[in-house]
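Listed in order, the protein sequences are those of chains A and H. Per the working numbering, the very first residue in the first sequence carries number -2; after that it's consecutive. Per the working numbering, the very first residue in the second sequence carries number 8; after that it's consecutive. Following: one structure in structure tokens, then a few remarks.
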Amino acid sequence: MINTWIVATIVAAVAGVVGFFVVIRGSAFAAHALPLGTFPGAAGASLLGLNPLFGLLVFSGLGVIGISQLGRRGRQEVATALTLVTLLGLGALFLSMSTEYSQATYALLFGEVLGVSSSDLTPVAAISAFSIVLTALLFRPLLLTSVSPELGEARGVPAARMELLFLTIVALATAMALPVVGTLLVFSLMVGPASAARALTDRPLGAMLLSAAISLVVVWLAIAFSFVSNWPIGFFVGSLSALAYGGGRVWRACSVRR
Amino acid sequence: MIRVTSLLSILFEPGFFTSEPVRTAVVIGGGAAIVSGVVGVFTVIRGQSFAGHALADVSSAGGAASFLLGINPLLGFLIMGVIGASSMELVRVDRARERDLVTGVVLGAGLGLTALLLFLDVTSSSTTGAAVTVMFGSMFAIPVSIIPLAEGVGFGAVLMVALLYRPLLLSSVDPDLAAVRGVPVRLVGLLHLIVLALAVALSAITVGAILSTALLIGPAAIALQIAKRPGWAVLLAAEIGVAATWGGILVAYDSYSWTGGHGWPVSFCVVTLIFLAYLVAGWPGRGRARRTPRIDSRRVQRAA
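Written as structure tokens, this is what we have:
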């Protein structure tokens, strides 16, 4: 149980930090599609008898490549949608090949509070640290290209490369959250709390830290409620994130009126 | 010289044309493809692909609920889809990016609800595989009783698009011009989202909630890359969708013979065909990033 708390804390912090950029770049769809697209990877890996984490990372990479490459030739969101469904189609194929996967499917999609073992801690901590370091290093150029791509290009920061790096960060950040929160809901942690943080403050660094803080609160509450009620943790993550978003909107509406 | 009959017998495994599940799949799948293709053209032009996908996932909560309540799954999908669409549209958004955030938040809440309902499904009635069935659908296992309602919904959706065609097209391509011309842009937006919810519910129950996005976005995106006039794009999208669906059904049926009995899922076959078609259609455009569709507002103005 303590493992779950530790992993969830790490995951929420990263989700909050990365979520800040997801919100200002308007990449909610990619944040949803990338983790969901990794789900077939786990199924495929266990079909082959490999470590599911390996499959997750491979399909995560495929998602990043698909979205960025197809996105160059057409609309970004069409690329995201088609990459997602193609990966999921493979997921349907893998699922049809294995006979007893239903329970594992549920846990993978929606998360499982008690699904974290102590051997998971090191890779999660390592990948999280890497994601945060990468985000910190890229903070300025990422912020620049998010707010004004043209200005970024003028200053020598190529928007396409930033997009690729950003997608990679999102892929890493979401891949680690899967065991606890599940593929379907990890993006909630990136969207709801970060939106609320943005509504509360305009300063980029402040919003990022606040986003991590709200994300932590959401996850802790979700674990607690899930443990007590035995209801799936994903339900609480989704609802609490929505509440966080709503709270941010209400706050913004009230402060405008003042 | 290969005789036509033996060629046909290679393509179509025995029993294809007489199989009841195949017939149902062809009828419902074809209908879903037409509706999705038609609506999808507007969805892609409006840049609401995320909403289209999100509504499929949200309406799966309705599918999970219908297991619990014992009602017709299509009804569950439809009702939940409309609730989702209304939630997305009724929250006021000032910027386009905000719209995707609202979609994401509604999606998160809806998926959370799905998680809960599936959990209650499993514990209350021990339907294993409910998660898979709701998410991925099973085109060869559609009950025939659904057909009348499904056809009705499909027809209604296409009818609405036909009625709304001019204002919908104008407000999708050039919302400011539409507003100037007196088109109630917000109302049209809400109606589009509701029609989208209907289209998505219909396809979700055939290829599954997650994969209905493929029929919505894929054929439309391909058509918009090819066609110059919006009317052609709509027709082309419907045709491509039907071709991919029927092709996928055929491949899935035939695959039973070369996979030793359990076959490839229809959804996988259909989605792969659509993806390949998208790659092929976009191939001539390599190196030339075409971010805007071929349909521009001047063309639409002349038509409107």
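Think of the CB as a built atom: it goes at the ideal place given N, C-alpha and C, for glycine as much as any other residue.
* To do: Would you decide whether SER226(A) is buried or exposed? Buried here means 16 or more other CB atoms lie within 10 Å of its CB.
  => Per the 10 Å Cβ criterion, exposed.
* Asked: Got a sec: is the Cβ-Cβ distance from GLY86(A) to anything in chain H below 9 Å?
  -> Against chain H, the CB of GLY86(A) has a partner CB under 9 Å away; the residue lies at that interface.
* To do: With DSSP collapsed to three states, give me the class of ALA245(H).
  => DSSP places ALA245(H) in helix when its eight states are reduced to three.
* Hey, does PHE49(H) have any beta-carbon neighbour from chain A nearer than 9 Å? -> Cβ-Cβ to chain A under 9 Å: no for PHE49(H).
* To do: Note the first and the last residue of the continuous alpha helix (DSSP H) segment covering PHE49(H).
  => Counting along the chain, PHE49(H) sits inside the alpha helix (DSSP H) bounded by residues 27 to 52.
* List the residues of chain H that VAL234(A) touches, going by C-beta distances under 8 Å, in chain order. => Correct list: GLY115, GLY119.
* Asked: Do you know whose CA, among ALA204(H), ALA234(H), LEU223(H), ALA227(H), lies nearest GLU96(H)'s CA?
  -> Ranking ALA204(H), ALA234(H), LEU223(H), ALA227(H) by Cα distance to GLU96(H) puts ALA204(H) first.
* Comparing alpha-carbon positions, which option in GLY244(A), VAL247(A), SER238(A) lies nearest VAL113(H)? -> For the residues GLY244(A), VAL247(A), SER238(A), the minimum Cα distance to VAL113(H) belongs to SER238(A).
* Among residues of its own chain, excluding the 5 on either side of LEU120(H), which ones have a beta-carbon nearer than 7 Å to its beta-carbon? -> Answer for LEU120(H): ALA68, listed in chain order.
* Asked: So which residues of chain A does ILE224(H) contact, with C-beta pairs closer than 9 Å?
  -> Within chain A, the residues near ILE224(H) are GLU74, VAL75, ALA78, LEU79, VAL82.
* **Proximal residues of chain H, C-beta to C-beta of ARG249(A) below 9 Å** => Here the premise fails: no neighbours, minimum Cβ distance about 10 Å.
* Taking 8 Å as the threshold, find out whether the stretch 31 to 51 of chain H comes into contact with the stretch 237 to 250 of chain H through three or more Cβ pairs. => Taking 8 Å as the limit for Cβ pairs, the verdict is that the stretch 237 to 250 of chain H does touch the stretch 31 to 51 of chain H.
* Asked: Nearest CA to the CA of LEU123(H): which residue from ILE3(A), ALA27(A), VAL247(A), GLY235(A)?
  -> Taking each of ILE3(A), ALA27(A), VAL247(A), GLY235(A) in turn and checking the Cα distance to LEU123(H), the smallest one comes out for GLY235(A).
* If we call anything under 9 Å between Cβ atoms a contact, is SER73(H) one with LEU82(H)? -> Note that the C-beta distance between SER73(H) and LEU82(H) is below 9 Å.
* Asked: For chain A, is any of its Cβ atoms less than 9 Å away from the one on GLU20(H)?
  -> No, because no Cβ of chain A sits closer than 9 Å to the Cβ of GLU20(H).
* Asked: Which residues, taken in chain order from the stretch 44 to 71 of chain H, show a beta carbon closer than 9 Å to some beta carbon of chain A?
  -> Per Cβ criterion, the list reads VAL51, GLY54, GLN55, SER56, PHE57, GLY59, HIS60, ALA61, ASP64.
* Between the Cα of ARG152(A) and the Cα atoms of PHE107(A), LEU140(A), LEU162(A), LEU161(A), which residue gives the shortest distance? -> Comparing C-alpha distances from ARG152(A) to each of PHE107(A), LEU140(A), LEU162(A), LEU161(A) shows the shortest one belongs to LEU140(A).
* Asked: Quick one: does VAL287(H) have its CB under 9 Å from some CB of chain A?
  -> Output row for VAL287(H): interface = no.
* Does LEU67(A) come within less than 9 Å of chain H when only Cβ atoms are used? -> Proximity of LEU67(A) to chain H, defined by a Cβ-Cβ separation below 9 Å, is satisfied.
* Would SER293(A) count as contacting chain H if we go by Cβ distances under 9 Å? -> Nothing about residue 293(A) can be reported from this structure: the residues present for chain A run from -2 to 255 only.
* Within this structure, are the beta carbons of PHE36(A) and LEU106(A) separated by less than 9 Å? -> Yes, the pair counts as a contact, with Cβ atoms nearer than the cut-off.
* What residues in its chain sit with their C-beta under 6 Å from that of ALA164(H), if we drop five residues either side in the sequence? -> Sequence-distant Cβ neighbours of ALA164(H) in its own chain, meaning closer than 6 Å and more than five residues away, are VAL42, VAL202, LEU205, ALA206.
* Asked: When DSSP labels each residue in this structure, what does TRP228(A) get in the three-state scheme?
  -> In the structure shown, TRP228(A) adopts coil according to DSSP, grouped into three states.
* Asked: When we look at the beta-carbon of ALA12(A) and count the other beta-carbons within 10 Å, is it buried (16 or more) or exposed?
  -> That one is buried.
* Residue-level contact to chain A via CB, TRP253(H), 9 Å cutoff -> Interface flag for TRP253(H) against chain A is unset, since no Cβ pair is found closer than 9 Å.
* To do: Return helix, strand or coil for ASN0(A), following the three-state DSSP convention.
  => ASN0(A) falls in the helix class under three-state DSSP.
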